[in-house]
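In what follows, a single structure is set out as structure tokens and then discussed.
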Amino acid sequence: MTAELSPSTPESSTAPRATLYEASTQYRHWRYSLQQLAHTRAALNTAAVSAIREAFESDEPGSSSNVSFLSADEEHLLVKLYVGKISQLCGHFRFPEEVEATAATYMKRFYLKNTVMDWHPKNVMLTALFLATKTTNHPISLEAYTSHIPKTAPSDVLDLEFLVAQSLGFDFAVWHAHRSLWGLWLDIQSLPDAPLDDLRASYDAALKHVRASRLTDAELVYAPSQIALACLSLASPPLAVAWARSKFPAIPDPPVLAVLEPIKDMILKDGSPPEVEAVREVDRRLKLCKNPEKVVGSTAYTKKKEEAERKADEKRRRKADDIKRAMEDGDPFGSELAGRAVDDDDDDDED
Amino acid sequence: MDAVEKANAERQRRWAKDQKIGEGTYAVVYRGREVATGRKVAIKKIKVGQFKDGLDMSAIREVKYLRELKHQNVIELLDVFSSKTNLNLVLEFLDTDLELVIKDRSLVFLPADIKSWMAMTFRGLEFCHRNFILHRDLKPNNLLIASDGQLKLADFGLARDFADPGYKMTCQVITRWYRPPELLFGCRYYSTAVDIWSVGCIFAELMLRTPYLPGESDMDQLKTTFRALGTPTEEDWPGHTKLPDYVPLGQFPKTPLRDLFTAASADCLNLLSKCLLYEPRRRISAKDALDHPYFFALPYPTHPSKLPKPIPKRTSSLPFEELDGNTEPNSTGPGVKANPPNKLKRKHSDEGMIERSKSIARKLDFSQ
Ligand SMILES: Nc1ncnc2c1ncn2[C@@H]1O[C@H](COP(=O)(O)OP(=O)(O)O)[C@@H](O)[C@H]1O
Numbered sequence: 001m002t003a004e005l006s007p008s009t010p011e012s013s014t015a016p017r018a019t020l021y022e023a024s025t026q027y028r029h030w031r032y033s034l035q036q037l038a039h040t041r042a043a044l045n046t047a048a049v050s051a052i053r054e055a056f057e058s059d060e061p062g063s064s065s066n067v068s069f070l071s072a073d074e075e076h077l078l079v080k081l082y083v084g085k086i087s088q089l090c091g092h093f094r095f096p097e098e099v100e101a102t103a104a105t106y107m108k109r110f111y112l113k114n115t116v117m118d119w120h121p122k123n124v125m126l127t128a129l130f131l132a133t134k135t136t137n138h139p140i141s142l143e144a145y146t147s148h149i150p151k152t153a154p155s156d157v158l159d160l161e162f163l164v165a166q167s168l169g170f171d172f173a174v175w176h177a178h179r180s181l182w183g184l185w186l187d188i189q190s191l192p193d194a195p196l197d198d199l200r201a202s203y204d205a206a207l208k209h210v211r212a213s214r215l216t217d218a219e220l221v222y223a224p225s226q227i228a229l230a231c232l233s234l235a236s237p238p239l240a241v242a243w244a245r246s247k248f249p250a251i252p253d254p255p256v257l258a259v260l261e262p263i264k265d266m267i268l269k270d271g272s273p274p275e276v277e278a279v280r281e282v283d284r285r286l287k288l289c290k291n292p293e294k295v296v297g298s299t300a301y302t303k304k305k306e307e308a309e310r311k312a313d314e315k316r317r318r319k320a321d322d323i324k325r326a327m328e329d330g331d332p333f334g335s336e337l338a339g340r341a342v343d344d345d346d347d348d349d350e351d
Numbered sequence: 001m002d003a004v005e006k007a008n009a010e011r012q013r014r015w016a017k018d019q020k021i022g023e024g025t026y027a028v029v030y031r032g033r034e035v036a037t038g039r040k041v042a043i044k045k046i047k048v049g050q051f052k053d054g055l056d057m058s059a060i061r062e063v064k065y066l067r068e069l070k071h072q073n074v075i076e077l078l079d080v081f082s083s084k085t086n087l088n089l090v091l092e093f094l095d096t097d098l099e100l101v102i103k104d105r106s107l108v109f110l111p112a113d114i115k116s117w118m119a120m121t122f123r124g125l126e127f128c129h130r131n132f133i134l135h136r137d138l139k140p141n142n143l144l145i146a147s148d149g150q151l152k153l154a155d156f157g158l159a160r161d162f163a164d165p166g167y168k169m170t171c172q173v174i175t176r177w178y179r180p181p182e183l184l185f186g187c188r189y190y191s192t193a194v195d196i197w198s199v200g201c202i203f204a205e206l207m208l209r210t211p212y213l214p215g216e217s218d219m220d221q222l223k224t225t226f227r228a229l230g231t232p233t234e235e236d237w238p239g240h241t242k243l244p245d246y247v248p249l250g251q252f253p254k255t256p257l258r259d260l261f262t263a264a265s266a267d268c269l270n271l272l273s274k275c276l277l278y279e280p281r282r283r284i285s286a287k288d289a290l291d292h293p294y295f296f297a298l299p300y301p302t303h304p305s306k307l308p309k310p311i312p313k314r315t316s317s318l319p320f321e322e323l324d325g326n327t328e329p330n331s332t333g334p335g336v337k338a339n340p341p342n343k344l345k346r347k348h349s350d351e352g353m354i355e356r357s358k359s360i361a362r363k364l365d366f367s368q
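Spelled out as structure tokens, the structure:
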């Protein structure tokens, strides 16, 4: 309908539309196989260990030999602990479910690009949650936010906000399983001879499973609608089957049901918070192996800063030289100058 | 360097930033290019450090929605990268906007032109609404126009999603002249219909060549609206007297749209009236609007490339303006400013010129 308004506007939108979800950044940028996830984390961990080892050595030669770095699994455990803490905080602030779910997603995505040895999950969690309040349109002032969290200053959040946003690739919109479950809930109420009381109980139980799924990798592997159906199936297998049959009446064994088992297994296996004792041990070791370049005051930190400043200086000098040369050439707006790629200096700022 | 920093640096290198072309409420806009292809882009630089609550909500909304929306009639966000404490949005470069087109008195609009702009506006809006996104700030200067004539919804700094029905929203959105009466009465539960009202006002403005409902204050906006469309009755709009900020504003009679829009077709007025219905639930949806007979009746919408258009916006307030102008094809010579943008007549060398020159006689100036 929208396509052929007239013979004179033949462009676009005639192509069959992919589903909205398939056009989303979530689908395009944040879906992995289990193998890819494991590989990504292992590679990040390896790179981090070697970079930090180097930083230690430059701080003090020989100092890295006794350090016991975290493994990828240990990093993951720590992240999971803090993902779990999001819901406590959200309960405290009475943030809507969407904020909580979004913050959890941000945390998980952040640590597919970063290592806990660089950025401790506590402040990342606080930042991810603060950012989520804004991206879901439930903003709260930073002052009000941090004043309710012990030992936290506005700068703890502000300093990391940009890094978090950047690590997310600025993909702020998230599709959530609890939303999909709500859709299922509306559907199942109109199933023939559905006993309403049982339905409500099943929905509530399914929602609990959805919340548990936030502690797992499910959303990085499966679609929100698949997770929601798996959770409904955990709560009431017959209901999930009845729903699928009603949606795909022509197919005896709707394929949507086939994928549910691994999701259910994952939620049952990984959907509870980690053992605090185990995590405490990891956190204790993290104190000894975190990247000194990210610790204000260490020699490595100072070195890195100096290096950055030296580079910036050099760039400024180069730019001044370019302008001088261009002026001498009588071409103050030389194409060479205008044509340079955007660099990170902001000398062109008017304010 | 961290992987994240590295990825950012790589993205950053793809774009070259040239001179400043404008300043918005929270950003500075530069002209730029894609280094590899020379494709012209606009780079919107948002200062991040200046807000005590961190990343600003307008920037967040704009990025959030534009990252998800890819449609011919929605401005394309090509990339996002950071430089120091700035957020840079790389947007497709758009030559002009509908406000400048409307204000350019040297341009003549044919009914087919208006139909074309309306079709593109509704297509972009239908796509947003299909994605559960409300724009909430539609007005002619947020409808940007590409060099090929395609109209694009832009400025998503006030947008939000509405997948959560019944969530309370602020009524302080939409520039006053395009704001629907339910918002002026303080309604906090609203939906896609708010955008449709704005489109209705834009539709009328395209025909009148002047804002249709230019209220001077929020209160005056309601009066202006009622003066134009009649005070709503309980039947027109059930329950409106119960809205939070309702105030009786006197009885204004309904005047037929036909009295003001004398040259418009019946289909055209029918669609316009459906965009401007008081009861939000009865207002036409973007999807239904696209199916409206108006779009299928003669004259067919003008092909975008044939739409009237001022010469491209020029850079202003830059010391190098004249110099820069030398590189423009329209420049009249070194150091001499080209004709002011608004003086260029619509070219009559287009195909269809004969029809056009004939139809100049029925110049669509409804305000006279
Ligand atoms: N995509 C674009 N292409 C070309 N020029 C643009 C583009 N976006 C913005 N501009 C220019 O920058 C100015 C400021 O843009 P913006 O920040 O979006 O404005 P505002 O905050 O007033 O809506 C505009 O008036 C326009 O001249």
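Chains F and U, in that order, give the protein sequences.
Sequential numbering from 1 applies to the first sequence in the UniProt record's numbering.
Sequential numbering from 1 applies to the second sequence in the UniProt record's numbering.
Glycine residues also receive a C-beta, built at the ideal position from the N, C-alpha and C atoms.
Please read these numbers as outputs of a predicted model, since none were measured by experiment.
Under the criterion of beta carbons closer than 8 Å, residue 144 of chain U and residue 152 of chain U qualify as touching, at roughly 5 Å. Just measuring C-alpha positions, the residue of U:240, U:239 and U:250 sitting nearest residue 224 of chain U is U:250. The alpha-carbon separation between residue 318 of chain F and residue 304 of chain F amounts to approximately 21 Å. The stretch 283 to 300 of chain U and the stretch 122 to 137 of chain U touch, with three or more beta-carbon pairs separated by less than 8 Å. In this structure, DSSP gives residue 42 of chain U an extended state, which the three-state scheme calls strand. Only residues of its own chain outside the window of five on either side were considered, and among them 185 have a CB closer than 7 Å to the CB of residue 203 of chain F, listed in chain order.
Where residue 116 of chain U is concerned, the enclosing alpha helix (DSSP H) starts and stops at 111 to 130. Residue environment: residue 201 of chain F is assigned as exposed (fewer than 16 neighbouring CB atoms within 10 Å of its CB, all protein chains considered). Bounds of the beta strand (DSSP E) holding residue 17 of chain U are 15 to 23.
If you compare the alpha carbons of U:206, U:237 and U:178 with that of residue 218 of chain U, the shortest gap goes to U:178. Judged by their CB atoms, residue 219 of chain F and residue 55 of chain U are not nearer to each other than the 7 Å cut-off. Listed by position along chain F, the residues whose Cβ is nearer than 7 Å to that of residue 82 of chain U are 162 and 166. Within chain U, the residues placing a beta-carbon under 7 Å from that of residue 141 of chain F are 53, ordered along the chain.
Judged by beta-carbon spacing, residue 82 of chain F lies within the 7 Å limit of residue 121 of chain F, meaning their Cβ atoms are closer than that value. Apart from the 5 residues on each side of it in sequence, residue 277 of chain U sits with its Cβ closer than 7 Å to the Cβ of 283 in its chain, given in chain order.
In summary, the residues of the stretch 166 to 197 of chain F whose CB is separated from some CB of chain U by less than 7 Å are 166, 167, 170, 171, 172, 173 and 179, in the order they occur in the chain.
Placement of the Cβ of residue 235 of chain F at a distance of 6 Å or more from every heavy atom of ligand 1 is found.
With a cut-off of 6 Å, the C-beta of residue 108 of chain U is classified as distant from ligand 1, since no heavy atom of the ligand falls inside that distance. The three-state secondary structure of residue 145 of chain U, taken from DSSP, is strand. Residues are counted here when their Cβ sits less than 8 Å from a Cβ of chain U; for the stretch 106 to 137 of chain F these are 113, 114, 118, 130, 131, 134, 135 and 137, given in chain order. Proximity to residue 136 of chain U across U:48, U:210 and U:172 peaks at U:172, based on C-alpha coordinates. Judged by DSSP in its simplified three-state form, residue 37 of chain F adopts helix. Here the distance from the Cβ of residue 83 of chain F to the nearest heavy atom of ligand 1 is not below 6 Å. As the crow flies, the alpha-carbon of residue 229 of chain U is around 34 Å from that of residue 137 of chain F.
Assignment of residue 31 of chain U by DSSP, reduced to helix, strand and coil, places it in the strand class. When rounded, the separation of the alpha-carbon atoms in residue 102 of chain F and residue 248 of chain U is 43 Å. Per DSSP, reduced to three states, the secondary structure at residue 260 of chain U is helical. The Cβ atoms of residue 171 of chain F and residue 76 of chain F lie no closer than 7 Å to each other. Judged by DSSP secondary structure, residue 79 of chain U falls within the beta strand (DSSP E) whose first and last residues are 77 to 83. When distances are taken from the beta-carbon of residue 93 of chain U to the heavy atoms of ligand 1, the shortest one is below 6 Å.
For a cut-off of 8 Å, the C-beta gap from residue 199 of chain U to residue 275 of chain U is around 6 Å, short enough to register as a contact. Residue 85 of chain F sits in a helix when the DSSP states are folded into three classes.
Contact holds between the stretch 33 to 49 of chain U and the stretch 80 to 95 of chain U, because three or more Cβ pairs, one in each stretch, are under 8 Å apart. For residue 302 of chain U, the CB contacts under 6 Å within the same chain, skipping 5 residues up- and downstream, are 112, 113 and 116 in chain order. Residue burial annotation: residue 62 of chain F is exposed, with fewer than 16 other C-beta atoms found within 10 angstroms of its C-beta.
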